[in-house]
Each structure stands twice: as C-alpha cells, then as structure tokens.
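Below is one structure, written out as structure tokens; comments come after it.
Number of protein chains: 2
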Amino acid sequence: MPEPIDFYFDFSSPYGYLAAACIDEMAERHGRSVRWRPILLGAIFQETGGRPLLGIPMKGDYARHDLARSARLIGVPFALPESFPFMSVAACRAYYWMLNQDAGQAVALAKALYREAFGKGQDIDSPEAVARVCIAEGLDGDAIRAALRDPGIKQQLRTEVAAAIAKGVFGSPLIIVDGEVFWGHDRLDQVALWLERGGW
Amino acid sequence: MPEPIDFYFDFSSPYGYLAAACIDEMAERHGRSVRWRPILLGAIFQETGGRPLLGIPMKGDYARHDLARSARLIGVPFALPESFPFMSVAACRAYYWMLNQDAGQAVALAKALYREAFGKGQDIDSPEAVARVCIAEGLDGDAIRAALRDPGIKQQLRTEVAAAIAKGVFGSPLIIVDGEVFWGHDRLDQVALWLERGGW
Numbered sequence: 001m002p003e004p005i006d007f008y009f010d011f012s013s014p015y016g017y018l019a020a021a022c023i024d025e026m027a028e029r030h031g032r033s034v035r036w037r038p039i040l041l042g043a044i045f046q047e048t049g050g051r052p053l054l055g056i057p058m059k060g061d062y063a064r065h066d067l068a069r070s071a072r073l074i075g076v077p078f079a080l081p082e083s084f085p086f087m088s089v090a091a092c093r094a095y096y097w098m099l100n101q102d103a104g105q106a107v108a109l110a111k112a113l114y115r116e117a118f119g120k121g122q123d124i125d126s127p128e129a130v131a132r133v134c135i136a137e138g139l140d141g142d143a144i145r146a147a148l149r150d151p152g153i154k155q156q157l158r159t160e161v162a163a164a165i166a167k168g169v170f171g172s173p174l175i176i177v178d179g180e181v182f183w184g185h186d187r188l189d190q191v192a193l194w195l196e197r198g199g200w
Numbered sequence: 001m002p003e004p005i006d007f008y009f010d011f012s013s014p015y016g017y018l019a020a021a022c023i024d025e026m027a028e029r030h031g032r033s034v035r036w037r038p039i040l041l042g043a044i045f046q047e048t049g050g051r052p053l054l055g056i057p058m059k060g061d062y063a064r065h066d067l068a069r070s071a072r073l074i075g076v077p078f079a080l081p082e083s084f085p086f087m088s089v090a091a092c093r094a095y096y097w098m099l100n101q102d103a104g105q106a107v108a109l110a111k112a113l114y115r116e117a118f119g120k121g122q123d124i125d126s127p128e129a130v131a132r133v134c135i136a137e138g139l140d141g142d143a144i145r146a147a148l149r150d151p152g153i154k155q156q157l158r159t160e161v162a163a164a165i166a167k168g169v170f171g172s173p174l175i176i177v178d179g180e181v182f183w184g185h186d187r188l189d190q191v192a193l194w195l196e197r198g199g200w
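Top to bottom, those sequences are chains A and B. Going by the UniProt record's numbering, 172 is the number at position 172 of the first sequence; the sequence numbering is gapless. Going by the UniProt record's numbering, 110 is the number at position 110 of the second sequence; the sequence numbering is gapless.
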C-alpha cells in the first residue's frame with residue numbers, strides 16, 4: 001500500500017480551497033489516499049516574514065482575478081468572505097476534534113468549512129460560525145462548542161502546526177508526495193505527473 | 001491575424017528562464033507570435049514591496065528545489081549564477097538595442113543571455129559579461145559596448161519599465177493574452193488552455 005499524500009492548508013487560504021476541491025480525486029486516480037492537515041499560516045509567516053497575498057499591491061488584485069478564473073476552470077463556485085484574511089483557529093480545532101473520532105467525517109467537515117468560506121463567501125472565523133457549519137453537517141452543537149474550548153484540542157493544534165513547520169511547510173496549499181514538496185494550487189499538475197511517473 | 005502574446009520577464013528571474021524555454025513554441029502551436037519584454041523587477045518591487053524569492057526563509061529553499069525539478073521536467077539545463085539575484089540592466093539594454101534593429105535577433109539574444117545565466121550558471125550582470133554573450137552571438141563588440149552606455153537606450157528601458165508597471169506587471173514571468181494576465185511559470189498550463197479555448 002503506497003504512503004498517503006500529505007495535504008497542508010490553511011482554512012483562510014483561497015488557493016487551499018481550490019486544491020481541496022481536486023486533491024482527493026487526483027490521489028484516488030493513482031491509488032493514493034490523502035492526509036488532510038489544516039495549519040495556521042499566521043504562525044508560519046512569523047518564521048518566514050510572509051504576508052497575506054491579497055493585501056499586496058498589484059499582486060493582490062491579480063490574485064483575486066486568478067482565483068475566480070481558476071475556480072471557473074475547475075467548475076467550483078468562488079466568493080471571498082467579508083472578513084478576509086481571517087483567523088482559522090476555530091475551524092482547525094473543529095477539524096482535529098473530528099479527526100480524533102473519524103478521519104472521513106473530518107475531511108467532509110473540512111470541505112464543508114471551505115465551501116462555506118470560499119464557495120458561499122460566508123465568515124467562518126468565529127467559534128459560533130464554525131459550530132453552525134458543524135451542526136449543518138449533522139454534528140452535535142454542544143459537543144463541538146465544548147471541543148473548541150478544550151485545552152487538549154488547543155494543544156493538539158499547536159503540536160500539528162509545530163510539526164508542520166519542522167517539516168518545512170511554509171505556505172498553503174502545500175502537498176508532500178513521497179517526501180517531495182509541491183507548493184501552490186498551480187503545482188497540482190506536477191503533483192499529478194509525479195504520482196503518474198513516480199518522479200522524474 | 002490574432003494579437004501577439006506579451007511576455008514580460010526579468011533576466012535575473014529563474015522562473016522567467018523556464019518560461020522563456022517554452023513560450024515561443026506554445027504560442028506557435030496556436031498561431032500566435034510573442035512580444036518579448038524584459039523588465040527590471042527591482043523597480044517594480046519598490047512599488048509592491050516584493051522581495052527576491054530565493055532570499056525568503058523556507059520558501060527560498062523550496063524554490064531552489066522546485067526550479068531544478070521543473071527544469072528537469074521540461075528538459076533544460078539549470079544552474080544558478082554565482083551572483084544571484086543580480087542586476088539585469090545591461091542585459092535589458094542589450095535586448096532593446098537589438099530590438100530596434102531586428103526583433104528575431106533580439107529574441108535569440110535574450111535566449112542566449114538566459115542560457116548563459118541559468119543554463120550555464122554564468123554571471124551576466126556586468127556590461128562586459130553581456131558584451132561577451134553578444135559577441136558569441138555574432139554581434140559587434142564595439143557597437144554593443146557603446147549601446148550599453150547610450151542615453152537613448154537607457155531612456156528606452158526606463159520607458160518600457162514604466163509602461164509595464166502602468167499595465168499592472170508586478171512579477172516575472174508575466175504573460176498577457178488578449179488582455180488576460182497570467183503570472184508565474186506554473187500558470188503556463190492555463191495560458192495554453194486559454195489559447196486553445198479562447199477563454200472560459
């Protein structure tokens with residue numbers, strides 16, 4: 001059984017949303033599974049001096065256009081939420097809480113959160129907004145609200161982000177296939193080729 | 001006759017080198033020609049606060065790896081020159097000087113300069129290094145040395161860079177197809193699709 005692909009992303013990363021719409025199907029075509037690993041780019045940008053793309057003069061305007069164009073190309077809806085960039089801590093905690101119970105449901109939740117943010121353009125920065133998405137996915141509201149405050153889940157997220165930084169994760173989306181790192185939605189073509197050829 | 005594609009690049013941009021190795025052939029497949037437009041990213045980064053990619057922690061290491069991997073994929077040699085990033089003013093002036101005489105020869109010279117820098121890893125930052133490449137391309141050494149000091153050529157380059165900024169050019173490589181802007185070597189796939197479908 002080949003190793004799963006590691007898929008790192010921030011819930012506030014619109015290019016992560018585009019990659020999330022394709023990655024499972026792409027992996028499946030090559031008999032691979034995907035480990036979804038949401039992270040907090042804010043913590044990572046403190047290491048790299050990175051800045052949120054859409055705030056950069058000229059480049060930000062381009063990125064808005066490129067995002068909408070790329071979403072049209074792969075046939076998914078695209079909208080930016082009103083608060084953007086936003087804190088994705090609550091969304092990350094919800095994901096890892098779900099992951100501890102059921103990996104498949106955790107991925108379904110990640111997709112629902114992404115759809116809410118960048119498919120419908122709704123805010124998912126507050127615990128309450130995240131809880132609403134969880135409830136719509138059939139999860140228990142009280143349980144999720146408790147999980148978002150749980151010190152164990154908070155620590156688990158910190159550990160995940162530190163492990164990602166230690167592995168060299170510096171952006172979103174970032175995909176690791178058999179130790180090979182690919183960064184950016186626009187490198188998915190090379191990810192597909194790497195899976196097909198086993199390297200070059 | 002459809003409009004030419006505009007291809008903006010900095011001679012010190014290694015991703016520009018990769019794009020330069022593909023762009024003419026890609027355009028030709030769709031009955032298009034390419035207007036090569038070298039620019040100075042340094043001047044543009046003053047507007048956008050951009051930084052040379054390879055100096056950024058984590059991201060820089062990734063880019064070195066990604067560059068070598070992408071070069072292998074398209075089958076071109078890749079090496080970084082000792083001085084990097086470097087000033088590409090002399091290379092740009094040589095290009096526009098040649099363009100005033102013969103567009104085809106100017107493109108051949110641009111390819112030779114890029115090959116010298118990122119194919120062979122040789123410095124092309126000084127006027128003398130640029131003159132050597134020009135002479136190897138069969139051009140007249142005295143004429144090119146005079147051109148690199150010529151106030152008219154200097155002004156022409158300043159005008160070109162200002163026009164590029166006014167058009168929204170903020171990075172290298174940057175390609176404009178029928179008013180549609182694509183940034184990055186990793187968007188060449190979308191450029192090819194856009195040419196094929198005329199948009200989406």
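Every residue gets a Cβ at the ideal spot worked out from N, C-alpha and C, and that includes glycine.
If you draw a 10 Å sphere on the C-beta of G171/B, you find 16 or more other C-beta atoms in it, and that means buried. Within the model, the alpha-carbon separation for A79/B versus R69/B is close to 12 angstroms. Annotation: the stretch 151-198 of chain B contains the following complete segments of the alpha helix (DSSP H) (minimum length 4 residues), in chain order: 151-166 and 188-197. Residue state for V76/A is assigned as coil, using DSSP reduced to three classes.
Looking only at L195/B, R35/B and E180/B, the smallest Cα-Cα distance to G104/B is reached by R35/B.
Between the alpha carbons of D186/B and C92/A lies a gap of roughly 29 angstroms. Between A19/A and P173/A, the CB-CB gap stays under 8 angstroms.
Under the three-state reduction of DSSP, W200/A is assigned to coil, being neither helix nor strand. Secondary structure note for D6/A: its beta strand (DSSP E) is the uninterrupted segment I5 to F9. Under DSSP, R37/A forms a beta bridge with Y8/A.
M98/B sits buried, since 16 or more C-beta atoms from the chains shown fall within 10 Å of its C-beta. Between the alpha carbons of Y17/A and A131/B lies a distance of about 48 angstroms. Taking every protein chain shown into account, the CB of W200/A has fewer than 16 other CB atoms within 10 angstroms, so this residue is exposed. In this structure the stretch 125-144 of chain A does not touch the stretch 27-41 of chain A; the number of beta carbon pairs closer than 8 angstroms is below three. Comparing C-alpha distances from L113/A to each of F7/A, S13/A, A27/A and I5/A shows the shortest one belongs to S13/A.
Burial state of Q101/B is exposed, judged by a 10 Å Cβ sphere holding fewer than 16 other Cβ atoms. Relative to A136/B, the option among L148/B, R115/B and V177/B whose CA is nearest is R115/B. Scanning its chain for C-beta atoms nearer than 7 angstroms, with the 5 sequence neighbours on each side dropped, one finds around V181/A the residues G168 and L174, in chain order. Listed along chain B, the residues sitting closer than 9 angstroms to G171/A by beta-carbon distance are M58, K59 and Y62. At a cut-off of 8 angstroms between beta carbons, V181/B contacts chain A. Proximity of R29/B to chain A, defined by a Cβ-Cβ separation below 8 angstroms, is not satisfied. Residue W183/B holds the alpha-carbon nearest to the alpha-carbon of G60/A among W183/B, L195/B and R197/B.
Counting along the chain, E28/A sits inside the alpha helix (DSSP H) bounded by residues I23 to R29. Excluding residues up to 5 positions away in sequence, W97 and I153 lie with their Cβ nearer than 6 angstroms to the Cβ of A147/B in the same chain. Neighbours of Q190/B in chain A, taken as residues whose beta carbon is under 9 angstroms from its own, are D66, R69, S70, L73 and D186 in chain order. Relative to F84/A, the option among A90/A, A106/A, M58/A and A117/A whose CA is nearest is A117/A.
Straight through space, the alpha carbons of L157/A and V133/A are spaced by roughly 19 angstroms. In the three-state reduction of the DSSP assignment, Q105/B falls in the helix class, which pools H, G and I. For G198/A, no chain B residue has a C-beta closer than 8 angstroms to its own C-beta; the minimum C-beta separation is roughly 14 angstroms.
For G168/B, the residues of chain A that pass the 9 angstroms Cβ criterion are M58, D61 and Y62, in the order they occur in the chain. Here Y8/B really is in contact with A164/B; their C-beta atoms are around 6 angstroms apart, less than 8 angstroms. The beta carbon of A192/B sits closer than 6 angstroms to those of M26, all from its chain and outside the five residues before and after it, given in chain order.
Straight across, the Cα-Cα distance linking Q155/A with R51/B is about 34 angstroms. Closest in C-alpha terms to F11/A, from the list I176/A, I144/A, R145/A and F86/A, comes F86/A.
Here S88/A is buried. Its C-beta has 16 or more other C-beta atoms within 10 Å. Residue state for R51/A is assigned as coil, using DSSP reduced to three classes.
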